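Take our numbering: the last position of the sequence shown gets the number 320, and nothing is skipped along the way.
Ideal placement from N, C-alpha and C gives every residue a C-beta, glycine not left out.
All values reported here derive from a predicted model rather than from experimental measurement.
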Amino acid sequence: MYSRSKGILYCLLSGLFFGLIGYFGINVIHEHISVYTMLFWRFMVAGLFIALIMLWQRDGLKLTRRDFLTILGHGIFFYGACSILYFIAANHIGSGLAMVVFFTYPALVMLINKLVYKLPFNLIYCVSLLIIFSGMVFLVQGGQFNFNPLGLVLSILSALLYAFYILASKKSRVSPLPSTLILCLGCMIISLITALLDRSFTLPETLSVWSNILGIGILCTALPILLLLNGLKLISSTQASILSVLEPVFVVIFGILLLGEQVSLLQMIGVSIILLGSLLSLLNERH
Numbered sequence: 034m035y036s037r038s039k040g041i042l043y044c045l046l047s048g049l050f051f052g053l054i055g056y057f058g059i060n061v062i063h064e065h066i067s068v069y070t071m072l073f074w075r076f077m078v079a080g081l082f083i084a085l086i087m088l089w090q091r092d093g094l095k096l097t098r099r100d101f102l103t104i105l106g107h108g109i110f111f112y113g114a115c116s117i118l119y120f121i122a123a124n125h126i127g128s129g130l131a132m133v134v135f136f137t138y139p140a141l142v143m144l145i146n147k148l149v150y151k152l153p154f155n156l157i158y159c160v161s162l163l164i165i166f167s168g169m170v171f172l173v174q175g176g177q178f179n180f181n182p183l184g185l186v187l188s189i190l191s192a193l194l195y196a197f198y199i200l201a202s203k204k205s206r207v208s209p210l211p212s213t214l215i216l217c218l219g220c221m222i223i224s225l226i227t228a229l230l231d232r233s234f235t236l237p238e239t240l241s242v243w244s245n246i247l248g249i250g251i252l253c254t255a256l257p258i259l260l261l262l263n264g265l266k267l268i269s270s271t272q273a274s275i276l277s278v279l280e281p282v283f284v285v286i287f288g289i290l291l292l293g294e295q296v297s298l299l300q301m302i303g304v305s306i307i308l309l310g311s312l313l314s315l316l317n318e319r320h
């Protein structure tokens, strides 16, 4: 029971730190840094931060070549590609709709667990996901939606890739620190390639940009990924993915506290519904 509570706490803290990305990300984009360039520097800073921790702990990369290449592939084709596809989808269908579609990934995790690993559907998780999805609809009300088929497909693909990342991380034998470092390396590679193809790669020049990139890299990337991977060692992939859906709730909260954003009544209802759905998932004792 203690291990389960610890895993839940790790996943909640992961969502909390991920929720800060809106604050730092907006500040970086306002400095005319492209999304792909921001992603590259984000993962580079995160990787360097993890490397420093490993040096301090004198914890080398004690893993096989196969494990290294597998996690590198997860970074390139799952996490990194997911991040890029999400932003491309948002440009086609609007950030609100892209977020709603993307956060269906807990349902995809549960579906893959059923089809591939023959795990039974859990009634509490099913109800929890339905509640959370309805809350997401309230949360993004008033946003600019465009039902572009390509954008919808890319958003669904982004959610699917993130579901694969969650499941692959759950099955991984590698400890969280080296896993996060190699994952960030893979994400760096695909982000740099995309930025170069987009001809938008730039070197941040001001202290303001670097301070926000440090915030994104450490607080919004390295720490939450580490926490999520630690949480996955202790609770099921489905429950971890459901709890991580609290990220947009924290985005709204930090938007109010740090950016002075105004929130409508419907959005507050959406936040409350998402919280209810996430808390409902905690009633399940099996993991």
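Proximity winner among the options, relative to residue i (alpha-carbon distances)
i           : options               : result
residue 203 : 270, 246, 120 and 258 : 270
residue 130 : 182, 110 and 157      : 182
residue 242 : 75, 51 and 42         : 75
residue 125 : 284, 293 and 186      : 186
residue 35  : 264, 278 and 293      : 264
residue 106 : 159, 90, 229 and 201  : 201
residue 99  : 207, 266, 180 and 82  : 207
residue 58  : 120, 179, 95 and 84   : 120
Within 8 Å, strictly: CB atoms of residue i and residue j
i           : j           : result
residue 133 : residue 251 : no
residue 108 : residue 256 : no
residue 64  : residue 239 : yes
residue 80  : residue 224 : no
residue 87  : residue 214 : yes
residue 189 : residue 309 : no
residue 118 : residue 191 : yes
residue 209 : residue 144 : no
residue 140 : residue 172 : no
residue 216 : residue 44  : no
residue 169 : residue 73  : no
residue 304 : residue 55  : no
residue 302 : residue 37  : no
Alpha-carbon to alpha-carbon, residue j and residue i
i           : j           : result
residue 286 : residue 300 : 11 Å
residue 312 : residue 46  : 14 Å
residue 335 : residue 291 : Absent from the model: residue 335. The displayed extent of the chain is 34 to 320, so no value can be given.
residue 320 : residue 272 : For residue 320, the predicted model reports a pLDDT of 44, less than 50, meaning its position is unreliable; a value from the coordinates is still stated below. Looking at the two C-alpha atoms, the distance is approximately 8 Å.
residue 234 : residue 39  : 40 Å
residue 41  : residue 282 : 17 Å
residue 157 : residue 316 : 8 Å
residue 142 : residue 101 : 24 Å
residue 93  : residue 82  : 14 Å
residue 160 : residue 298 : 24 Å
residue 236 : residue 205 : 34 Å
residue 90  : residue 244 : 25 Å
residue 85  : residue 174 : 42 Å
residue 266 : residue 135 : 24 Å
residue 60  : residue 128 : 17 Å
residue 229 : residue 51  : 26 Å
Close-in-space but distant-in-sequence residues of the same chain around residue i (CB under 6 Å, 5 per side omitted)
i           : result
residue 111 : 194, 197 and 198
residue 184 : 122, 125 and 126
residue 180 : none
residue 115 : 191, 194 and 195
Same chain, Cβ closer than 8 Å to residue i, five either side skipped, listed in chain order
i           : result
residue 231 : 67 and 69
residue 147 : 153 and 154
residue 314 : 157, 158, 161, 272, 275 and 276
Nearest-angstrom beta carbon gap, residue j and residue i [assumed within contact, 8 Å]
i           : j           : result
residue 294 : residue 288 : 4 Å
residue 49  : residue 253 : The pair is not a contact, with the Cβ atoms about 10 Å apart (cut-off 8 Å).
residue 307 : residue 278 : 7 Å
residue 212 : residue 104 : 6 Å
residue 138 : residue 274 : 6 Å
Test: residue i CB closer than 8 Å to a CB of chain D
i           : result
residue 205 : Looking for chain D here will not work: only one protein chain is present.
Same chain only: Cβ atoms within 7 Å of residue i, ignoring 5 sequence neighbours per side
i           : result
residue 296 : 285 and 289
residue 167 : 306
residue 96  : 207 and 211
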